[in-house]
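**Student:**
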Amino acid sequence: MRLFLLALLLGGSLLTGRSGYDLVFPASTSLARAIQAGALQPIEAGEFTHAASLDPELLALLAEADPGNRYAMPYTWGTVGLGINLQAVEQRLGADAPLNSLDLLFKPDYAQRLKDCGIAVLDSPQEVIAIALNYLGHDPYASAGPALEQAAQLLAELQPNVRYVGSARHIDDLARGEVCLALTYNGDAGMAAARAAESGQPFEVIYRIPREGTLIWFDSLAIPVDAPNPAAARQLIDFLLQPEVLAELTNELFFANASLAAEPLIDPQIAADPDIYPPPELRARLFAERQLSLAEQRQRNRLWTRFRTQY
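313 is the number that our numbering gives the last residue of the sequence shown; the numbers go up by one with no jumps.
1) Is the number of C-beta pairs between the stretch 89-97 and the stretch 54-71 that are closer than 8 Å three or more?
2) DSSP on Leu243, reduced to helix/strand/coil?
3) Only counting the same chain, and skipping five residues up and downstream in sequence, which positions put a Cβ closer than 7 Å to that of Asn303?
4) So, for Tyr137: in the same chain, excluding its five sequence neighbours on each side, which residues have a beta-carbon less than 7 Å away from its beta-carbon?
5) Per DSSP, Asn259 is paired with what?
6) Tell me whether Val235 is buried or exposed, calling it buried when 16 or more other Cβ atoms sit within 10 Å of its Cβ.
7) Please report the distance separating the alpha-carbon of Ala191 from that of Leu248.
8) Taking Cβ positions, are Asn259 and Leu176 nearer each other than 8 Å?
9) So, using beta-carbon positions, are Leu2 and Leu156 closer together than 8 Å?
10) Which residue comes first and which comes last in the beta strand (DSSP E) that contains Leu160?
11) So what's Val91 in DSSP terms, helix, strand or just coil?
12) Looking at the unbroken alpha helix (DSSP H) that takes in Thr307, where does it start and where does it end?
13) Taking contact to mean 3 or more Cβ pairs, one atom from each stretch, closer than 8 Å, check whether the stretch 194-211 and the stretch 40-55 are in contact.
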């Protein structure tokens, strides 16, 4: 098994052909590119015993990347939001700090006061720029110049207060108290919280879904068009979609899964956590990843390069 830390690496491996993989776990953006390039085999939900338990609402959101749900089964899902060292943030901002708001990042008055305890931002241009646009009241996938320029200005104001832009590193940094705020995946914040508690840290790490709305992501199960053993891949998908298997994954990694039948098997504390399994009113403010044209991707990559130049 190979682990791809960046979706772009997995996408590149698929798109070049002869990947050698029987089964892949693409994120939504990689999935959309792979479908567009003809790099995946069609699969049917009826092929899998446990696909009938998949949440239809989540299937509809995944269809933003996979129209008709023809090429992938949802595996895990979650949100991009705020991983917070509760004590460090409240010490600097007070007990009434807006913990469930992107104001912590994007309002200089807050971010400047958190700079000394460390702010980290996920290194994912498509996700972060979409979140910034949504925060500003724009379509997360707007391509018009004025909207993107406003997003660029928002990120420019944040830039001096950010310690680093990266992937995965902030899990341990949150757990050790080396950063106090991270724009991150909910599961990464959950792992940081567990590690901080296990090591007896004198602070609590929490995760909050921004009240302004945020991105919902999916990791999915898909079969490359050139898979050496597609029948075995289908058997593995059916195994991985078992409620017992998905519940164990959720209980270990704090990422929600897409199976309604798995819900009774999930740790009650995790199942009741609105920042892992958001209630309907929170779900209504989530937006799915969407495939962008090459021109739109280049436009956003240029914006991102300007933001992260110093890191």
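Here a beta-carbon is modelled for each residue, glycine too, at the ideal position from N, C-alpha and C.
**Tutor:** So, from the listed chains and residues:
1) no
2) The residue given as residue 243 occupies position 241 in the sequence shown. The answer is coil: DSSP assigns Leu243 none of H, G, I, E or B.
3) The sequence position of residue 303 within the sequence shown is 301, counting from 1. Counting only Cβ-Cβ distances below 7 Å, and skipping sequence neighbours, we find Pro127.
4) In the sequence shown, the residue the question calls residue 137 occupies position 135. So the list reads Leu104, Phe108 and Glu214, once near-sequence residues are dropped.
5) If you number the sequence shown from 1, residue 259 lands on position 257. Answer by DSSP bridge pairing, in chain order: Thr78.
6) Translated into the one-based positions of the sequence shown, residue 235 becomes position 233. Checking the sequence, you will find Ala at residue 235 rather than Val. Counting Cβ neighbours within 10 Å, Ala235 comes out buried, since at least 16 surround it.
7) Locating residue 191 in the sequence shown gives position 189, where the first residue counts as 1. Locating residue 248 in the sequence shown gives position 246, where the first residue counts as 1. Using only the alpha carbons, I get a separation of about 19 Å.
8) For the purposes of this step, residue 259 is taken as the residue at position 257 of the sequence shown. For the purposes of this step, residue 176 is taken as the residue at position 174 of the sequence shown. No. Outside cutoff.
9) No answer is possible for residue 2: it lies beyond the span of the chain, which begins at 3 and ends at 313.
10) As a position in the sequence shown, residue 160 is number 158, starting the count at 1. Where Leu160 is concerned, there is no enclosing beta strand (DSSP E), although the alpha helix (DSSP H) it sits in stretches over Gly147 to Leu160.
11) Start at 1 with the first residue of the sequence shown, and residue 91 comes out as number 89. If DSSP states are grouped into helix, strand and coil, Val91 belongs with the helices.
12) Taking the first residue of the sequence shown as position 1, residue 307 is located at position 305. That run of the alpha helix (DSSP H) goes Leu296 to Arg310.
13) no
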